[in-house]
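What follows is a set of notes on a single structure, which appears directly below.
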Amino acid sequence: MTRERILVVEDDAIIGSELLKALSAGGYEAGLATSGAAALADVRAHPPDLILLDLGLPDMEGVELCRRLRAVLPQTVIVVLTARTEEFEVVVALDAGADDYLTKPFRLTELVARIRAHLRRRAIEPGDRVISVGRLRLDLPARRAHIDGTEVLLRPKEFDLLAALVTRAGEVVTREQLMDEVWDENWFGPTKTLDVHVSTLRRKLGSYGQITTLRGRGYRYERDAVVEA
Ligand code: CA
């Protein structure tokens, strides 16, 4: 089995080398890029399975780099690393294509556990399940979504979230369940990641999306199309 590759984009030499050490110890092939330009060159040469992206880089706006990495790597998991003071930047980064974020300082064990969860979920699920609800067709093993035969391009976490809702169409799925299943079983932080992903899904699915918000409880993917009055 080939080892999964993780690219660390971090300009701080000490943090960078600690991350590399922890990732190698965790069984991953880890590479380091210390600037945005180096990161863009590296992913073209060796497409990674996951990117750890420090938002504070010397040569490029972190969010802009996130957007550019996402444009060339639609399937790679991107986790941004941010300082506690950069809360707003997190929302913008999630919108620019990041799947998740970690706030510095964090424990290396927590980081590796989070990475493991991301890569495990990204792996192809067993069985060949295809689910159709309304005009949406979800191919779970292929991780593809179609509406009336036209593919809707989804990022890894968007697909996982949609799959979590559609596999239980007609039922309420709580925020906690979604955070557990799609992000991390030990999640206890803020859940704006979830809201940003739901609104992106709604935008991508357009009027065929059938996600209903149950305020304070969770979301439900409707079995039948909702007819607007
Ligand atoms: Ca930095």
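Residue numbers (the numbering used here): 2 to 230.
Here a beta-carbon is modelled for each residue, glycine too, at the ideal position from N, C-alpha and C.
Neighbourhood of residue i by C-beta, 6 Å cutoff - its chain only, sequence neighbours within 5 removed
i	result
Leu137	Ile148
Lys205	Val153
Asp140	Val131
Per-residue DSSP class, three states only, for residue i
i	result
Pro127	Any answer about Pro127 is weak, because its pLDDT of 46 lies below 50 and its placement is not dependable; what the coordinates show is given next. Coil, per DSSP.
Ala118	helix
Glu62	strand
Ser36	coil
Thr194	helix
Glu223	coil
Tyr209	helix
Ala97	coil
Ala248	Limits of the chain in this structure are 2 at one end and 230 at the other, which puts residue 248 out of reach.
Thr104	strand
Gly27	coil
Arg169	coil
Ala164	helix
Thr201	helix
Thr214	strand
Gly17	helix
Ala143	coil
Leu179	helix
Cβ neighbours of residue i in the same chain (closer than 7 Å, five flanking residues each side left out)
i	result
Leu231	For residue 231 there is no data in the structure shown, the boundaries of the chain being 2 and 230.
Arg218	Val173, Thr175
Leu166	Val174, Ile212, Tyr220, Tyr222
Gly210	Leu202, Arg203
Asp43	Leu8, Gly32, Ala34
Lys193	Val92
Trp1	This structure cannot speak to residue 1, because the chain is shown only from 2 to 230.
Arg145	Glu152
Of the listed residues the options, nearest to residue i (C-alpha basis)
i	options	result
Val113	Gly57, Ile16, Gly27	Gly27
Val80	Asp12, His47, Leu120, Val73	Leu120
Arg45	Leu56, Val73, Ala23	Val73
Asp96	Met180, Lys158, Arg216	Lys158
Asp50	Asp100, Glu90, Leu141	Asp100
Leu56	Arg68, His47, Leu82, Arg6	Leu82
Thr77	Tyr102, Phe89, Glu87, Pro48	Pro48
Leu70	Glu87, Thr86, Ala38, Gly17	Ala38
Arg85	Gly98, Leu103, Pro75, Arg68	Leu103
Asp196	Leu141, Leu163, Pro59	Leu163
Pro142	Glu177, Val199, Asp161	Asp161
Asp60	Ala40, Leu53, Pro75, Ile52	Ala40
Residue-level contact to chain C via CB, residue i, 8 Å cutoff
i	result
Val91	No chain C appears in this structure, which consists of one protein chain only.
Residues near residue i by beta carbon distance below 8 Å, same chain, minus five either side
i	result
Ala230	In this predicted model, Ala230 has a pLDDT of only 40, less than 50, meaning its place in the structure is not dependable; the value taken from the coordinates is given anyway. No residues qualify anywhere along the chain.
Leu109	Glu19, Leu20, Ala23
> What residues does ligand 3 have around it, judged by CB closer than 7 Å to any heavy atom, in chain order?
Replying inline: With respect to ligand 3, the structure offers nothing, as its ligand set consists of ligand 1.
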